[in-house]
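Notes follow the structure.
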Amino acid sequence: MDTVVVVGASLAGLRCCEALRRRGYSGKLVLVGEEAHKPYDRPPLSKQVLCGEWEPARTEFRRKEGYAPLALELQLGRRALALHAQARRVVLDDGKELAYDGLVIATGARARTLRGSEALSGVFTLRTLDDALQLRVALLQQPRVVVVGAGFIGLEVASACRKLDVAVTVVESMALPLDNPLGSAVGQAVQRLHEAHGVSFRLGVGVAALEGHGRVEHVRLSDGTAVPADVVVVGIGVTPNTAWLEGSGVAVGDGVLCDPTLATSVPGVVAAGDVVRWENPLFGESMRVEHWSNAVEQGQAAAARLLAGPTGGEPFSSLPYFWSDQYDLKLQFAGRVRADDELVLVEGTLADRNYVALYGRAGKLRGVLASNRPQQLLRYRKLLSEQASFDAALNAARPSAGP
Amino acid sequence: MRIIVDFDLCQSHGLCTEAAPELFQIRDDGFLYVLNETPGKELAGKAQKAAIECPTGAITLKDD
Ligand SMILES: Cc1cc2nc3c(=O)[nH]c(=O)nc-3n(C[C@H](O)[C@H](O)[C@H](O)COP(=O)(O)OP(=O)(O)OC[C@H]3O[C@@H](n4cnc5c(N)ncnc54)[C@H](O)[C@@H]3O)c2cc1C
Ligand code: SF4
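Chains A and B are the protein sequences, given in the same order.
Here this note's numbering is used: the first residue of the first sequence is 1, the next is one more, and so on.
Here this note's numbering is used: the first residue of the second sequence is 1001, the next is one more, and so on.
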């Protein structure tokens, strides 16, 4: 293999390049990214960057080491428009074509928007550094903020607003925040935390329209009421960036469809990060994981897969993990759960926000949530990777059995 | 090799303790402890894995 092209210059793409070099690949390596910035870290955007605790430059990866040791051609501000899989070429937006022997798709995901909001100013999503910087400037004007969507990004934005003493209302069509991923008991506790910090909620009601003249002025809800807003932040999930693969032969369907080894349907093409949908052997189900650790692990696994040749490669098995910081609350979660999983609190209480909860389904341990208890998460992560039964996990949680 | 952890960055995600339990440990106080700051060659791979998987980039490895 003489030339490897990696499309998507963010976490998964960069970690893949690093792993290729560590594994001894010495051929040409091209990393193409649509954003003008060098690869940077996204989790701080909705946390330290939005609150102004960090200079934006602190988010940049490889600040110290630089790019020379990787010997790669960094093509930034360049978007891949199409893939000619037969000819093994990637078409860029400046008309140039990049030939490859091996290709890594690491184009991640973009924030979903509300239809009909494009013409209004004052409406934001939060996915990129530029998004974060623009939103920060807007928040410094002390606007009235409405956050649409009480998922992790929405709640972190609400938390940042309160740190900046900005009034914020969170609108969510579900009955509780975070209901879908973590269950109603946790959702309630999180809601109370935000309310204690002065966040207002409008729950169980959808957004009908964003209204205003040039600028957004209020959010019209599906029950007819209106919430005044100078700034609206839309946090309603992401869409994988697969449009450029249309007609290429690479199979897509809510993500790039990969086999268990992260190979795509086209020879010589692998994928990594938020854009990947694959069958995770650990859970026996097809999933797309939108978390930091997954992008790191898959970036490395995709590098190994590419170097293993057409028929090589091992199944990529992983335990999804993520965290979220809101006020002084640190939530850490491992596993894969649904809202209707059984939830058992095994340590602490929801009220003091210092607890460990286990999730079970069909007799199996499926997930663990640690709230401000990082040291406890690890034991259960181990049980999860061992595919422990729910009973075994509950037994392990009994004080007499634990350390 | 020498392991340097920037404790201002570390947020006790604990992923390093999983990658290299011989080198890192999170104790009941919730803080990270480095068990061996100058591991031998046999642990270099695990130390590297820990540094790569740390979500805050808190771990630096220096060759001596
Ligand atoms: C605000 C925010 C907070 C987060 N907080 C957490 C957290 O606390 N914990 C956690 O676990 N995860 C968090 N995440 C998720 C985590 O950041 C992502 O899982 C991770 O960034 C995924 O990396 P990736 O490289 O797969 O994709 P991305 O980071 O999405 O990168 C894809 C890159 O590809 C580029 N690209 C797309 N299409 C093309 C094209 N056609 N040509 C060229 N380039 C292209 C994009 O511009 C982008 O730079 C957060 C994400 C955001 C946005
Ligand atoms: S992985 Fe990083 S952040 Fe987590 S405990 Fe280890 S050093 Fe700290």
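Every residue gets a Cβ at the ideal spot worked out from N, C-alpha and C, and that includes glycine.
Here the structure is a predicted model, which is why all the values come from computation and not from measurement.
Sequence-distant residues of the same chain with beta carbon closer than 7 Å to residue i, five excluded per side
i: A:Gly102; result: Met1, Val4, Gly268, Leu306
i: A:Ala208; result: Arg220, Leu221, Ser222
i: A:Leu133; result: Pro56
i: A:Pro143; result: Val166, Asp230, Val231
i: A:Leu343; result: Gly183, Ala185, Ala357, Tyr359
i: A:Asn280; result: Met287, Ser317, Ser318
i: A:Ile153; result: Ser46, Leu126, Gly235
i: B:Val1034; result: Ile1003, Val1005, Leu1023, Phe1024
i: A:Thr113; result: Thr125, Val234
i: A:Gln298; result: Ala12, Leu262, Ala272, Gly273, Val276, Phe316
i: A:Pro260; result: Trp278, Glu279, Pro281, Pro315, Phe316
Contact check, residue i vs residue j, beta carbons under 8 Å
i: A:Arg366; j: A:Gly335; result: yes
i: A:Phe333; j: A:Phe316; result: no
i: A:Val190; j: A:Val123; result: no
i: A:Pro39; j: A:Leu20; result: no
i: A:Ala12; j: A:Leu31; result: no
i: B:Met1001; j: B:Ala1044; result: yes
i: A:Ser200; j: A:Thr169; result: yes
i: A:Val238; j: A:Arg202; result: no
i: A:Val90; j: A:Val7; result: yes
i: A:Leu126; j: A:Ser46; result: yes
i: A:Met174; j: A:Gly204; result: yes
i: A:Tyr355; j: A:His197; result: no
i: A:Leu377; j: B:Gly1014; result: yes
i: B:Thr1056; j: B:Cys1010; result: yes
i: A:Leu50; j: A:Val145; result: no
i: B:Leu1019; j: B:Lys1062; result: It is Ala, not Leu, that sits at residue 1019 of chain B in the sequence shown. Not a contact, by the Cβ cut-off of 8 Å.
i: A:Cys16; j: A:Gln300; result: yes
i: B:Cys1016; j: B:Glu1053; result: yes
Nearest-angstrom Cα separation, counted from residue j out to residue i
i: A:Ala85; j: A:Lys382; result: 40 Å
i: B:Ile1003; j: B:Ala1051; result: 9 Å
i: A:Glu347; j: A:Pro181; result: 20 Å
i: A:Ser286; j: A:Lys330; result: 28 Å
i: A:Ala71; j: A:Asp325; result: 36 Å
i: A:Pro403; j: B:Asp1029; result: Low per-residue confidence applies at A:Pro403: pLDDT is 43, beneath 50, and the placement is therefore not dependable, though the value from the model is reported in the following sentence. Their Cα atoms are separated by approximately 14 Å.
i: A:Gly253; j: A:Arg110; result: 15 Å
i: A:Glu172; j: A:Val234; result: 11 Å
i: A:Leu178; j: A:Ser26; result: 45 Å
i: A:Gly52; j: A:Cys161; result: 11 Å
i: A:Gly247; j: A:Ala82; result: 8 Å
i: B:Gln1048; j: A:Ala150; result: 37 Å
i: A:Asp41; j: A:Glu290; result: 14 Å
i: B:Asp1006; j: A:His37; result: 25 Å
i: A:Lys28; j: A:Glu65; result: 20 Å
i: A:Arg136; j: A:Asp352; result: 31 Å
i: A:Pro310; j: A:Leu262; result: 12 Å
i: B:Thr1038; j: A:Arg58; result: 28 Å
i: A:Gln48; j: A:Ala87; result: 44 Å
i: A:Val337; j: A:Leu282; result: 13 Å
i: A:Cys258; j: A:Gly284; result: 14 Å
i: A:Ala370; j: A:Gln188; result: 16 Å
i: A:Leu394; j: A:Leu129; result: 42 Å
i: A:Ala68; j: A:Thr349; result: 50 Å
i: A:Ser117; j: A:Asp131; result: 16 Å
Nonlocal neighbours in the same chain, by C-beta distance under 6 Å from residue i, ignoring five residues either side
i: A:Ser293; result: Tyr321
i: A:Ser400; result: Any answer about A:Ser400 is weak, because its pLDDT of 46 lies below 50 and its placement is not dependable; what the coordinates show is given next. Cβ neighbours of A:Ser400 beyond the five flanking positions: none.
i: A:Arg79; result: Glu34, Asp93
i: A:Ala295; result: Leu11, Ala12, Gly273
i: A:Gly77; result: Ala36
i: A:Ser159; result: Gln326, Tyr327
Close-in-space but distant-in-sequence residues of the same chain around residue i (CB under 8 Å, 5 per side omitted)
i: A:Val256; result: Ile105, Pro240, Thr242, Leu245, Val250, Thr264, Ala271, Val275, Val276, Arg277
i: B:Ser1012; result: Ile1026, Gly1030, Phe1031, Leu1032
i: A:Arg362; result: Strictly speaking, residue 362 of chain A in this sequence is Ala, with Arg absent from that position. Here the set comprises nothing.
i: A:Ser389; result: Gly363, Lys364, Leu365
i: A:Asp341; result: Gly183, Tyr359, Gly360, Arg361, Arg366, Gly367
i: A:Ala304; result: Ala19, Arg23, Gly313, Glu314
i: A:Glu211; result: Glu217, His218, Val219, Arg220, Ala226
i: A:Ala392; result: Leu365, Leu383
Residue i beta carbon near ligand 3 (any heavy atom closer than 7 Å)
i: A:Asn180; result: Ligand 3 is not among the ligands present in this structure, which contains only ligand 1 and ligand 2.
Positions along the stretch 286-300 of chain A whose CB lies within less than 7 Å of some CB in chain B
In summary, the residues of the stretch 286-300 of chain A whose CB is separated from some CB of chain B by less than 7 Å are Trp292, Ser293, Val296, in the order they occur in the chain.
Could you please tell me which residues of the stretch 309-334 of chain A, in chain order, have their CB closer than 9 Å to any CB of chain B?
Per Cβ criterion, the list reads Tyr321, Trp323, Asp325, Lys330, Gln332.
Taking any Cβ of chain A, which residues in the stretch 1027-1042 of chain B have a Cβ under 7 Å from it, in chain order?
Those would be Arg1027, Asp1028, Gly1030, in chain order.
Could you list the residues in the stretch 1003-1026 of chain B with a C-beta less than 8 Å from some C-beta on chain A, going in chain order?
Contacts with chain A (Cβ-Cβ distance below 8 Å) from the stretch 1003-1026 of chain B involve Gln1011, Ser1012, His1013, Gly1014, Leu1015, Thr1017, Glu1018, Ile1026, listed in chain order.
Note down, in chain order, all residues in the stretch 1044-1064 of chain B with a beta-carbon under 7 Å from any beta-carbon belonging to chain A.
Flagged, chain order: Ile1052, Glu1053, Pro1055.
Name, going along the chain, the residues of the stretch 62-73 of chain A whose beta-carbon falls closer than 7 Å to a beta-carbon of chain B.
Contact residues of the stretch 62-73 of chain A toward chain B are absent (C-beta to C-beta distance below 7 Å).
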